[in-house]
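Asks: Below: one structure in structure tokens.
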Amino acid sequence: MKTNSYNGLLFNDGNFSQVNDMLAIEESLSIAINEEPFTVTMRTPGHELELVQGLLFTEGVYRQRINANQLQIKSSGPKGFITSLNLVLPKENLLKDFAASRNIISASSCGLCGRTSFEETLSTNTINDDAKIDPRILECMFAKMSEAQLDFRSSGGTHAAAAFSIDGEMIAMFEDIGRHNAVDKVIGSLVLNQTISKAKCITVSGRVSYEIVNKVQAVGIPVLAAVSAPSSMAVENAVAAGMTLIAFCRSKKLTVYAHPERILRTELVSNNK
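Numbers given in this note's numbering equal positions in the sequence shown, counted from 1, plus 1.
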């Protein structure tokens, strides 16, 4: 688990007490491509290959699989976590968005930090997948993701994202202090394991903002479901992208904000007979 224990002073119901809490680890990771600085991201350490694969894929920088031998560890911190790495990638396979590399810190809460224009971040991929999803399966998906959130149960400080097949099989699941990092790690895992075509739904543990929609759109996964609220731009972009966007997935309830045609309504039909 990526947590450390820290001492604190708890004030509760008029009384003070000493506590020792587990907190999620946040560390910087400097990423270079062919020794040229690309970005610095704040993230939960671990699964660096999945993270950089997903990040470069969803940002339109590099759409090929990255082999482990293409990742060079340049430095590690005193706790043993990787703090700097270099990716050795064929220049001819670097896409035009490499020129829009950010070259500044991307905070754990920000998936867009450092971009100079909004248009640089937009994905143009339109999703035409005709998959149909049973809303009752979504409850099982979130239960599986929740069960796998060991860092969250320990610290309460991480987000989660997971990829599922249409029948609810969990293909990949990752936690991170940054929600966009968790999504990048999931997508990176799908690319590395060549399972993108099997994935039909991405679930996330928090809210959905536009950049999460954009990342899922980049790999063409037709359904994105969240525990919390979507932003207005997330809904608008999902509609334009052909993506089914579902939010407030809690206690047997959910709200579909974009492309409800992918939702199976057999239960609703039977109740109206």
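Using N, Cα and C, we set each Cβ at its ideal position, and we do this for glycine too.
K145: which of I32, A69, V220 and V205 sits nearest, CA to CA?
Replies: Locating residue 145 in the sequence shown gives position 144, where the first residue counts as 1. Of the listed residues, the one whose Cα sits closest to K145 is V205.
Asks: Can you have a look at D131 and say buried or exposed, based on whether 16 or more other CB atoms are within 10 angstroms of its CB?
Replies: Taking the first residue of the sequence shown as 1, we reach residue 131 at position 130. Flag for D131 reads exposed.
Asks: Would you mind reading off the limits of the beta strand (DSSP E) that contains E37?
Replies: Counting from one through the sequence shown, the residue named residue 37 turns up at place 36. E37 to R44 is the span of the beta strand (DSSP E), which, as asked, contains E37.
Asks: With a threshold of 7 Å on Cβ separation, who are the neighbours of N129 within its own chain once the five nearest residues in sequence on each side are excluded?
Replies: By one-based count along the sequence shown, residue 129 stands at place 128. Result list for N129: G243, in chain order.
Asks: In chain order, what residues of the same chain have a beta carbon less than 6 Å from the beta carbon of M23, not counting five sequence neighbours either side?
Replies: Counting from 1 along the sequence shown, the entry for residue 23 is found at position 22. Excluding residues within five positions, the ones whose Cβ falls inside 6 Å are T4, S6, S155 and S156.
Asks: Is the CB-CB distance between N222 and C250 below 9 Å?
Replies: By 1-based counting over the sequence shown, the position of residue 222 is 221. By 1-based counting over the sequence shown, the position of residue 250 is 249. Looking at the sequence shown, residue 222 is not Asn but Ile. Not in contact: I222 and C250 (Cβ atoms no closer than 9 Å).
Asks: Are V53 and G189 touching if we call contact CB-CB under 9 Å?
Replies: As a first step, residue 53 is located in the sequence shown; it is residue number 52 there, counting from the start. As a first step, residue 189 is located in the sequence shown; it is residue number 188 there, counting from the start. Yes, the Cβ-Cβ distance between V53 and G189 is below 9 Å.
Asks: Note down, one range per segment and in chain order, each alpha helix (DSSP H) of at least 4 residues found wholly within the stretch 125–194.
Replies: 136–148, 151–156 and 180–193
Asks: With DSSP as the reference, label Y211 as helix, strand or coil.
Replies: Here residue 211 refers to the residue found at position 210 when the sequence shown is read from its first residue. Correct three-state label for Y211: helix.
Asks: Are at least three pairs of beta-carbons, each pair with one atom in the stretch 253–261 and one in the stretch 226–243, less than 8 Å apart?
Replies: yes
Asks: Would you check if the stretch 75–93 and the stretch 210–220 touch, i.e. whether three or more CB-CB distances between them fall below 8 Å?
Replies: no
Asks: Helix, strand or coil: how does DSSP classify I34 here?
Replies: Position 33 of the sequence shown, counted from the start, is the residue given in the question as residue 34. DSSP, reduced to helix, strand and coil, places I34 within a strand of the structure shown.
Asks: Consult DSSP for M23 and reduce its assignment to one of helix, strand or coil.
Replies: As a working mapping, residue 23 is identified with position 22 in the sequence shown. In the structure shown, M23 sits in a strand (DSSP, three-state: E or B).
Asks: Smallest Cα separation from Q73: which of N35, A149 and D177?
Replies: Locating residue 73 in the sequence shown gives position 72, counting from the first residue. Of the listed residues, the one whose Cα sits closest to Q73 is N35.
Asks: Start and end of the alpha helix (DSSP H) containing F99?
Replies: Indexing the sequence shown from 1 puts residue 99 at position 98. Run containing F99: none; DSSP gives neither H nor E here.
Asks: Can you give the beta carbon distance from N13 to Y63, rounded, assuming they're within the 8 Å contact cut?
Replies: The residue given as residue 13 occupies position 12 in the sequence shown. The residue given as residue 63 occupies position 62 in the sequence shown. Their Cβ separation, rounded to whole angstroms, is 50 Å, which puts N13 and Y63 out of contact at 8 Å.
Asks: Per DSSP, what are the beta-bridge partners of S76 in this structure?
Replies: Taking the sequence shown and counting its residues from 1, the one referred to as residue 76 is at position 75. Paired residue(s): S85.
Asks: A173 and L151 - do their beta-carbons sit closer together than 9 Å?
Replies: Position 150 of the sequence shown, counting from 1, holds the residue named residue 151. Position 172 of the sequence shown, counting from 1, holds the residue named residue 173. Their beta carbons are not under 9 Å apart, which means L151 does not touch A173 by this criterion.
Asks: If you count every other CB in all the chains shown that lies within 10 Å of the CB of P136, and 16 or more means buried, which is it?
Replies: Translated into positions along the sequence shown, residue 136 becomes position 135. P136 is buried by the Cβ-count criterion.
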